[in-house]
Structures are given as structure tokens and as C-alpha cells.
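Asks: Per UniProt numbering, the sequence shown starts with residue 1, numbered consecutively.
In this text, a Cβ means the ideal position worked out from N, Cα and C, and glycines have one as well.
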Amino acid sequence: MAAPGNTAHHRHLDFRPGGRTGLGTDFLRRALADWSVDPVAGADVLLVGAELLSNAARHADGLRRLDLDLEAGVLRVAVTDSSPGLPRARPDPPGASGGYGLGIVDRLALDWGSLPAGNGKTVWARLPAPHDG
């Protein structure tokens, strides 16, 4: 039997055309609860996941897939969309009401990046996610 926190878990959600970010956020929230992720760490994971989903919905032609992989206390959140344009973090725009998403991801994640995926891309982030099972 694996030691607590070392069991590998995977889930994915395929989005239908016009898929909403809230569906992905709910899916992520359920996975965190099912995997007994520490609630404080889970809040950061939810925030980063919501930012990745929101960016894909706002800047791409649509959400395609959400992948969650938890292993050895690290959760990888990956969002695939239908735009080949690669994301880039911008300096925080003073006084702006938006544009902070990837800055938040950059501050909270252990690391993050993007990869080509068919005609689109996958943007991923890895975060600490201590859990019990």
C-alpha cells in the first residue's frame, strides 16, 4: 500500500462546444474533495484552475479538456483549448480591473507552462496539494 499522499490519481473532463468554466471549476472542486486535498492548498488549486479555465474561455475559441493529475502531493491542472496562441504573463497593470490571471498562476504554482495540442494548446500548472489518500 502506498504511503498517504503518494497515491496517483487522474481525472479528465471533455468540454462540449460552448462549455462553461463553472463546469470545470465544479469538477476540480469535487476531485479535491474526493482526493482529500488539504483545504488551504485546495483553495490555491481552485484559484489557479479557475484562472486557467477563464483565460482559455476568454482568449481562445473554446475549452476542450481539463486534466487533473495528483501524485506525491503535487497536483497538475491542465486546460486544453482551441487556440494555438501561447499565453504570456504580463506585469500587473496598475489600476486595471483585469489582466492579473497568469500573474496569480505564476505566484501560486510551483511551475507552469504551455504545450501545443493539435490545433490548440494545453496550459498547465503544478501546485502543492497535500492529501490523505
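Take every Cβ of the segment 125-132, pair it with every Cβ of the segment 43-52, and state whether three or more of those distances are shorter than 8 Å.
Replies: yes
Asks: Using only alpha-carbon positions, find the residue among LEU86, ALA109, TRP112 and ASP132 that is nearest to LYS121.
Replies: What you label residue 121 is simply residue 121 of the sequence shown in a count that begins at 1. Ranking LEU86, ALA109, TRP112 and ASP132 by Cα distance to LYS121 puts LEU86 first.
Asks: Which residues mark the beginning and the end of the beta strand (DSSP E) in which HIS131 is found?
Replies: Your numbering for residue 131 matches position 131 in the sequence shown. Premise fails: HIS131 is in no beta strand (DSSP E) and is neither H nor E.
Asks: Are the Cβ atoms of GLY19 and LEU68 separated by less than 7 Å?
Replies: The residue labelled residue 19 in the question sits at position 19 within the sequence shown. The residue labelled residue 68 in the question sits at position 68 within the sequence shown. No, Cβ-Cβ distance for GLY19 and LEU68 is not below 7 Å.
Asks: Which value, in whole angstroms, describes the spacing of the CA atoms of GLY73 and ALA43?
Replies: Reading the sequence shown from its first residue, position 73 is the one you call residue 73. Reading the sequence shown from its first residue, position 43 is the one you call residue 43. Near 15 Å, if we compare the C-alpha coordinates of ALA43 and GLY73.
Asks: Measuring CB to CB, does GLY24 end up less than 7 Å from LEU70?
Replies: Looking up residue 24 in the sequence shown gives position 24. Looking up residue 70 in the sequence shown gives position 70. No, they are not a contact pair.
Asks: Might you give, ordered along the chain, the residues of its own chain that have their beta carbon closer than 8 Å to the beta carbon of ARG11, omitting 5 neighbours on each side?
Replies: Numbered from its first residue, the sequence shown carries residue 11 at position 11. The answer, listed in chain order, is PHE27, ALA31, ASP67 and LEU68.
Asks: What residues are listed by DSSP as bridge partners for PRO116?
Replies: On the sequence shown, position 116 is the one that residue 116 refers to. LYS121, per the DSSP bridge assignment.
Asks: Going by DSSP in three states, ARG16 sits in which element: helix, strand or coil?
Replies: Residue numbering aside, residue 16 sits at position 16 when the sequence shown is read from its first letter. Residue state, collapsed to three classes: coil.
Asks: Are the beta-carbon atoms belonging to VAL123 and VAL79 less than 7 Å from one another?
Replies: The residue labelled residue 123 in the question sits at position 123 within the sequence shown. The residue labelled residue 79 in the question sits at position 79 within the sequence shown. Result yes, Cβ atoms of VAL123 and VAL79 sit closer than 7 Å.
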